[in-house]
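Asker:
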Amino acid sequence: VTRACRASELRLTLGTRMLGAGHRGDFHLGAQTWARAERDGTALLGVTEFQLQTVARIDGIEFPAVDTELRQGGRLVCLLTTDGLAHKVWSPLGGRVLACNDRLRDQPESLRDDPSGAGWIVRLLPVDLDGELANLIRS
75 VTRACRASEL
85 RLTLGTRMLG
95 AGHRGDFHLG
105 AQTWARAERD
115 GTALLGVTEF
125 QLQTVARIDG
135 IEFPAVDTEL
145 RQGGRLVCLL
155 TTDGLAHKVW
165 SPLGGRVLAC
175 NDRLRDQPES
185 LRDDPSGAGW
195 IVRLLPVDLD
205 GELANLIRS
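Written as structure tokens, this is what we have:
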């Protein structure tokens, strides 16, 4: 309930800026996650600055295993916070996980430093990049 109230307050305060600074050309699943198509055919996935403002200090991140198949709208990661809550984060794209950001395993709170850049969470090989990007919001 506390997180929902905080999210409502932020929506009222930020309005259309909810998606965060991000990079031009990113695609968003609501105000929670982003996807960025890379030139090599892979995609980077991450959490928006707005989403991070709705959670307490991050103690840990439960990543998917490499080679796991994700589906669009399914669980991407779970953020474990100091208030004892586990926040499920939804995947903006489906595909096979190629890599997870190992820096975040050791320093999960560093996700806040650059959530739309060095704070990427997963690199994946998309299943249907063009089809699934059509379901997202372009920044």
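For the sequence shown, the working numbering assigns the number 75 to the initial residue and increments by one for each residue that follows.
For glycine and all other residues, C-beta sits at the position ideal for the given N, C-alpha and C.
No experiment lies behind these values; they were computed from the predicted model shown.
In whole angstroms, give me the CA-to-CA distance for VAL129 and HIS161.
Answerer: Their backbone Cα atoms lie some 8 Å apart in a straight line.
Asker: Going by the beta-carbon positions, is the gap between TRP194 and GLY120 smaller than 8 Å?
Answerer: Yes; because the gap between Cβ atoms is below 8 Å, this pair is in contact.
Asker: Can you tell which of ALA192, ARG113, ASP176, GLU123 has the C-alpha that lies nearest to the C-alpha of ALA105?
Answerer: Measuring from the Cα of ALA105, the nearest candidate turns out to be GLU123.
Asker: Please classify THR107: is it buried, with 16 or more other beta-carbons within 10 angstroms of its beta-carbon, or exposed?
Answerer: Buried, since its Cβ has 16 or more Cβ neighbours within 10 Å.
Asker: From the DSSP secondary-structure annotation, give me the bridge partner or partners of ARG170.
Answerer: Answer is GLU143, LEU199, bridged to ARG170.
Asker: Counting C-beta neighbours from all protein chains within 10 Å, is the total for GLU206 16 or more, i.e. buried, or is it exposed?
Answerer: That one is buried.
Asker: If contact is defined by three or more beta carbon pairs under 8 Å, each pair taking one atom from either stretch, is the region 156–174 in contact with the region 126–143?
Answerer: Flag = yes, the region 126–143 and the region 156–174 touch.
Asker: Terminal residues of the continuous beta strand (DSSP E) containing ASP133?
Answerer: Run containing ASP133: 132–136, per the beta strand (DSSP E) assignment.
Asker: To the nearest angstrom, how far is it from the Cα of ASN202 to the Cα of ARG98?
Answerer: Note that residue 202 corresponds to Asp in the displayed sequence, not to Asn. Looking at the two C-alpha atoms, the distance is approximately 21 Å.
Asker: Helix, strand or coil: how does DSSP classify GLY205 here?
Answerer: Helix.
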